[in-house]
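Colleague: Numbering (mature numbering (1 follows the signal peptide of the UniProt record, and there is no 0)), first residue to last: -22 to -1, 1 to 254. Think of the CB as a built atom: it goes at the ideal place given N, C-alpha and C, for glycine as much as any other residue. None of the values given here were measured: they were computed from a predicted structure. This is the structure, below, for whatever I ask next.
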Amino acid sequence: MKEITRRQFIATATLATGFALAVQPISAKVITTDAKGLIAGEVKIPVKDGKIPAYRAMPATGKNFPIVLVIQEIFGVHEHIQDICRRFAKLGYLAIAPEMFVRQGDVSKLNSIEEIRPIVAKVPDAQVMSDLDATVGWAVKSAKGNGDRLGITGFCWGGRITWLYAAYNPKVKAGVAWYGRLVGDTTKLTPKHPVDIASELKVPVLGLYGGKDTGIPLDTVEKMRDRLKLSSSKSEIVVYPDAPHAFFADYRPSYREKEAKDGWQRLQAWFKQHGV
């Protein structure tokens, strides 16, 4: 994608319909949440270089809704992430999931994780933070959101971003990070990782991790826990001993119903406890 066509590209980009190709076939346990009583669908968020697509779900009546940013996995804002937004809306939240990879490519149309990873690797953390700021601004200005009751949650790739945005934006009341990587290489695009910001973190973040996650070694989870003890955030990490990576992803074989339900309950309690 040439730089000169970037604005053109993001102006015409739209969200995925259905599930990303790379996650087929879809599990029989997939959860489907209807949009009854909700306003739900794609919106466009004004950002520095154009507009990016996002999925927004909120109650059809009322105003001043608490805002939850829902941050995608590497598969983009496909049906699973959209469904999570509707679940939040049913609880009274304005939930919004901006498409974070739109400038780099449409991952929903790719057939494998191997094809997706190079695109995701090109996404700068600074761009993500800026886009999330713009999303919060849009939610307050255009969608009846209450900026004083802001929460964030994310899955896998989005779990890492949850930690980072909570450190970046002190207006966040609380975050819940689902199995997001905690360590990594320091690069120009990814200058810091959750373990690097843990000791200075002020926003309370709940981390939900799987003991059988082959991509996130438990020693990195323990390192994060130790660093968090130095912070004033009162953040916590829960490890489900028998859960693999992506245990909340009900459309995938990795789904673990017991741990997923427990995590969802913990998320709701965490948000309530901290004013989201």
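#1: If the criterion is Cβ atoms closer than 7 Å, does the pair T(-6) and R65 meet it?
#2: What residues match up with F133 in a beta bridge as DSSP calls it?
#3: Please confirm whether L16 and A(-3) have their CB atoms less than 7 Å apart.
#4: Alpha carbon to alpha carbon, how far is P76 from I23?
#5: Does the stretch 175 to 195 come within contact of the stretch 206 to 213, defined as at least 3 CB pairs closer than 8 Å?
#6: Kindly list the residues whose CB is nearer than 6 Å to the CB of T198, restricted to its own chain and excluding five residues on each side of it in sequence; keep chain order.
#7: As a quick exercise: from L128, V216, V85, V98, pick the residue whose alpha carbon is nearest that of N42.
#8: Rounded to whole angstroms, what's the CA-CA distance from G189 to V216? Just pull it up for me.
#9: So does the stretch 41 to 55 actually touch the stretch 71 to 90, counting three or more Cβ pairs closer than 8 Å?
#10: For E51, list the residues DSSP reports as bridge partners.
#11: Going along the chain, which unbroken runs of the alpha helix (DSSP H) with 4 or more residues stay wholly within the stretch 72 to 132?
#12: Based on DSSP bridge pairs, tell me the residues matched to F225.
#13: For Y187, I'd like the list of residues in its chain whose CB is within less than 6 Å of its CB, leaving aside the five on either flank, ordered along the chain.
#14: Find out if the Cβ-Cβ distance for the pair D228, K7 is shorter than 7 Å.
#15: Where does P219 sit, in a helix, a strand or coil, going by DSSP?
#16: Who pairs with P182 in a beta bridge, going by DSSP?
#17: Going by alpha carbons, who is nearest to A(-1) out of V101, A67, R95?
#18: Would you say I59 and A117 are within 7 Å of each other, going by their C-beta atoms?
#19: Closest by CA to K122, which one among L179, V80, G153, A38?
#20: On the CB-based measure, 16 or more other CB atoms within 10 Å of its CB, does G70 come out buried or exposed?
Modeller: Reading from the atomic positions:
#1: Reading the sequence shown from its first residue, position 17 is the one you call residue -6. Reading the sequence shown from its first residue, position 87 is the one you call residue 65. No, the pair does not count as a contact, with Cβ atoms beyond the cut-off.
#2: Here residue 133 is taken as the residue at index 155 of the sequence shown, counted from 1. Under DSSP, F133 forms a beta bridge with W156.
#3: Counting from 1 along the sequence shown, the entry for residue 16 is found at position 38. Counting from 1 along the sequence shown, the entry for residue -3 is found at position 20. Not in contact: L16 and A(-3) (Cβ atoms no closer than 7 Å).
#4: As a working note, residue 76 is residue 98 in the sequence shown. As a working note, residue 23 is residue 45 in the sequence shown. Near 8 Å, if we compare the C-alpha coordinates of I23 and P76.
#5: yes
#6: Numbered from 1 along the sequence shown, position 220 holds the residue referred to as residue 198. Contacts found: L160, V161.
#7: For the purposes of this step, residue 42 is identified with residue 64 of the sequence shown, where counting begins at 1. When each option's Cα is compared against that of N42, the closest is L128.
#8: Looking up residue 189 in the sequence shown gives position 211. Looking up residue 216 in the sequence shown gives position 238. Computed Cα separation, rounded: 10 Å.
#9: Yes, the stretch 41 to 55 touches the stretch 71 to 90.
#10: Counting from one through the sequence shown, the residue named residue 51 turns up at place 73. When beta bridges are read from the DSSP output, E51 appears opposite G54.
#11: 91 to 98, 103 to 120
#12: If you number the sequence shown from 1, residue 225 lands on position 247. Answer is none; F225 lacks a bridge partner.
#13: Mapped onto the sequence shown, residue 187 falls at position 209. Around Y187: Y157, V199, V217.
#14: Counted from its first residue, the sequence shown places residue 228 at position 250. Counted from its first residue, the sequence shown places residue 7 at position 29. For D228 and K7, yes; Cβs fall inside 7 Å.
#15: Position 241 of the sequence shown, counted from the start, is the residue given in the question as residue 219. P219: coil per DSSP, three-state reduction.
#16: Within the sequence shown, the letter at position 204 stands for residue 182. In the DSSP output, where bridge partners are listed per residue, P182 has none listed.
#17: Here residue -1 refers to the residue found at position 22 when the sequence shown is read from its first residue. The option with the nearest alpha carbon to A(-1) is R95.
#18: Stepping through the sequence shown from its first residue, residue 59 is reached at position 81. Stepping through the sequence shown from its first residue, residue 117 is reached at position 139. Taking 7 Å as the Cβ cut-off, I59 and A117 do not qualify as a contacting pair.
#19: Here residue 122 corresponds to residue number 144 of the sequence shown, with the count starting at 1. Residue A38 is the option with its Cα nearest to K122.
#20: Counting from one through the sequence shown, the residue named residue 70 turns up at place 92. Of the residues assessed, G70 falls on the exposed side of the cut-off, its CB having fewer than 16 other CB atoms within 10 angstroms.
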